[in-house]
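I have placed the structure first, in the form of structure tokens, so that the comments after it can refer back to it.
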């Protein structure tokens, strides 16, 4: 199985008050065919910006460097016209807010068939039939009627189903899902995760799943990359990350979660707060909150060290 | 401990739906539809449910921030629903609310000192400005912030710090009961546990009683003594926290618990995936409100609402399966 996506040394800088600040630094990861990679982290860690850069949805003055190779082609070098034939066709995206990511003045059917007509060259009539089939496949009742309705007539869970139908319309090879269930109730979340798994399996779609919810990661992902303050701090197969976390941040995140079974003990929080873009600490960005920080951590950031097969961690504790 | 601080009996809040030129009432949204429970002194009652289940409306109706349609709310034996405006105002010193959104619930033009002193001024506590400022400094330290932050403004703080300020504001008037409405939902995972620990410490030191409203089941299990499960404004189940997770009796509770993603890739669980969406509280199903999505619904569930019954000791359920 080859890699469908390879991100190498991605750097993203934002301009704020005439100065550039690095939001994403030296991020590298890859996704294999049919694989689901979870990108986890807290607010401001750069996980959403990373996904937007893959779709080339970031505009100047934001600066991007590095490589984003999709099937060997660097997306950052493609002319906009070629990028357009990939976006929504081979790579598509689901956003967190099903309320704001659908166009309120267009009918559901128009929004789904748009990409079918654009990318798959279907006639209006064929596209409508395919749209109804898609709505049915994402579990929408009465698809023949819903196709002519407007987004406000649907519930949050139904709108997210429509988003999935739009994203899957052209059978993409890569689906980027940015917090796809965060705005939903848990019983609806269970339905949507189930649906995403089903459609991905049927179409052999790879998924880049961006989330802050470690429960969702454990359930959906094959591999996980943990981000903190713009860098990947640990990456590996999902079982190893949960069973044998190596970075103090990953360990801290897992230890701070309240549990649904077992005895109730006092929570072990990570002290302090996530640093802001304008006040990034020197050296390892987690050092000020790390209980095991050493002098070297405050001076220079660590490189990646291999823990086990395909499990790597960016931490001085693992340097020989 | 076995002393009731708050008793809620058959609390209802119906919001009228008005239509047309004359704004005629054409129906009601039954946000809270007959809720009864007791909270003991020093206890934490968790309230869970999905959007539209009425959990927030319930919290606000208990404090009369919105007027309940009917029902009784006894606070230390006094029915506060009957109190006149002035009496109620004085009563609010005993019962405070902490909101979900730490960004929207602090006035951006007030310094932290002004924010924390306002409730003291309203309730005429502490004679002079100096005494109040002193109290503000002690409150900030109590919630784990630097006393010098009193001079700063909300925009200078992170979400977790703002939530600490919101808690300090609730504590400013020495309340007995604090209703916490999704107090950690907007916070990052690593900060959420800091705030939960703070709430536990404060409860122990000050003997506070909490009603903790949340949708995150693992958080509610962690902090609550007992948990009340709501669905479309009605009570489904009420029991001690660990028992609810070990032996959920109501089909809705079972489905809700099975839907929670567990941070363990090896967890093998049978998931009950509920079909369909939450019905609208403006037009709730007849009988048991859950029957439209219930995997074990019987004909009787459509006809009559089930009774609230003690199925096991101190384990209450409203379900025809146990009739």
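Chains as they are written, first to last, in this note's numbering: chain A, 3 to 322; chain B, 160 to 482. Cβ atoms here follow ideal geometry from the backbone N, Cα and C, with glycine treated the same way.
Query                                                                                                                                                                                : Result
Does the separation of the CB atoms of residue 213 (chain B) and residue 366 (chain B) fall below 7 Å?                                                                               : no
Are the beta-carbon atoms of residue 476 (chain B) and residue 396 (chain B) separated by less than 7 Å?                                                                             : yes
Would you kindly report the start and end of the unbroken alpha helix (DSSP H) that includes residue 412 (chain B)?                                                                  : 410 to 418
Mind listing which residues of the region 247 to 265 of chain A have their C-beta closer than 9 Å to chain B's C-betas, in chain order?                                              : 251, 254, 255, 256, 257, 258, 259, 260, 261, 262, 263 and 265
In or out: residue 482 (chain B) buried (at least 16 other Cβ within 10 Å) or exposed?                                                                                               : exposed
Please name the residues in the region 190 to 220 of chain B whose beta-carbon is closer than 7 Å to at least one beta-carbon of chain A, in chain order.                            : 209 and 210
Could you spell out the range, first to last residue, of the beta strand (DSSP E) harbouring residue 239 (chain A)?                                                                  : 233 to 239
Between the beta-carbon of residue 12 (chain A) and the beta-carbon of residue 29 (chain A), is there less than 7 Å?                                                                 : yes
Mapping the DSSP letters down to three states, classify residue 81 (chain A) as helix, strand or coil.                                                                               : coil
Please determine, among B:370, B:464 and B:327, the residue with the shortest C-alpha to C-alpha distance to residue 391 (chain B).                                                  : B:464
Using a Cβ-Cβ distance cut-off of 7 Å, determine whether residue 271 (chain A) contacts chain B.                                                                                     : yes
Residues in the region 216 to 232 of chain A with C-beta within 7 Å of chain B's C-beta atoms, listed in sequence order?                                                             : 216, 217, 218, 220 and 221
Can you find a C-beta in chain A that's less than 7 Å from the C-beta of residue 160 (chain B)?                                                                                      : Its pLDDT being 47, under 50, residue 160 (chain B) is placed unreliably by the model, and nothing is read from it.
At 3 residues or longer, and completely inside the region 204 to 270 of chain A: list those beta strand (DSSP E) runs for me, N to C.                                                : 208 to 213, 225 to 230 and 233 to 239
Using the beta-carbon of each residue, which ones in chain A are nearer than 7 Å to residue 243 (chain B)?                                                                           : Ordered by position in chain A, no residue passes the 7 Å Cβ test against residue 243 (chain B), which lies about 39 Å from the chain.
Of the residues that make up the region 333 to 366 of chain B, which ones have a beta carbon closer than 8 Å to any beta carbon in chain A?                                          : 347, 348, 349, 350, 351, 352, 353, 355, 356 and 359
Taking residue 44 (chain A) as the query, report the chain B residues whose CB atoms sit under 7 Å from its CB, ordered along the chain.                                             : 347, 348 and 349
Relative to the C-alpha of residue 251 (chain B), which candidate in B:187, B:224 and B:398 has its C-alpha closest?                                                                 : B:224
If you drop the 5 nearest sequence neighbours on each side, which residues of the same chain put their C-beta closer than 7 Å to that of residue 285 (chain B)?                      : 279, 291 and 294
What is the residue span of the alpha helix (DSSP H) that residue 145 (chain A) lies within?                                                                                         : 145 to 148
Can at least three beta-carbon pairs, one atom from the region 347 to 354 of chain B and one from the region 260 to 279 of chain A, be found at a separation below 8 Å?              : yes
Does the beta-carbon of residue 117 (chain A) have 16 or more other beta-carbons within 10 angstroms, so that it is buried, or is it exposed?                                        : buried
Report the neighbours of residue 312 (chain A) on chain B: residues whose CB is nearer than 7 Å to its CB, in chain order.                                                           : Going along chain B, no residue has its Cβ under 7 Å from residue 312 (chain A), so there is no contact; the nearest lies around 15 Å.
Taking only beta-carbon atoms, is residue 61 (chain A) less than 7 Å away from chain B?                                                                                              : no
Taking 7 Å as the limit between beta carbons, can you name the residues of its chain near residue 78 (chain A), skipping five residues before and five after?                        : 66, 69 and 70
Kindly give me the distance between the Cβ atoms of residue 233 (chain A) and residue 27 (chain A), rounded to whole angstroms, as I take these residues to be in contact under 8 Å. : 5 Å
Report buried or exposed for residue 160 (chain B), applying the criterion of at least 16 other Cβ atoms within 10 angstroms of its Cβ.                                              : In this prediction, residue 160 (chain B) scores a pLDDT of 47, lower than 50, which makes its location untrustworthy; the coordinate-derived value is nonetheless stated afterwards. That one is exposed.
Measure the C-alpha to C-alpha separation of residue 227 (chain B) and residue 133 (chain A) and round it to an integer number of angstroms.                                         : 46 Å
Using the Cα positions of residue 321 (chain A) and residue 305 (chain A), report the straight-line distance between them to the nearest angstrom.                                   : 8 Å
Measuring alpha carbon to alpha carbon, tell me which of B:240, B:276, B:304 and B:313 ends up nearest residue 264 (chain B).                                                        : B:313
Where do the ends of the alpha helix (DSSP H) carrying residue 51 (chain A) lie?                                                                                                     : 49 to 56
Tell me the DSSP bridge mates of residue 396 (chain B)?                                                                                                                              : B:388 and B:476
Candidates B:381, B:436 and B:191: which alpha carbon is nearest residue 218 (chain B)'s?                                                                                            : B:191
Give the interface partners of residue 338 (chain A) over in chain B, defined as CB-CB distance under 9 Å, in chain order.                                                           : Since the first residue shown for chain A is 3 and the last is 322, residue 338 (chain A) is missing from the structure and cannot be characterised.
Given a cut-off of 7 Å, decide if residue 412 (chain B) and residue 388 (chain B) are closer than it, judged by their beta-carbon atoms.                                             : yes
Whole angstroms is fine: what's the gap from residue 202 (chain A)'s alpha carbon to residue 36 (chain A)'s?                                                                         : 8 Å
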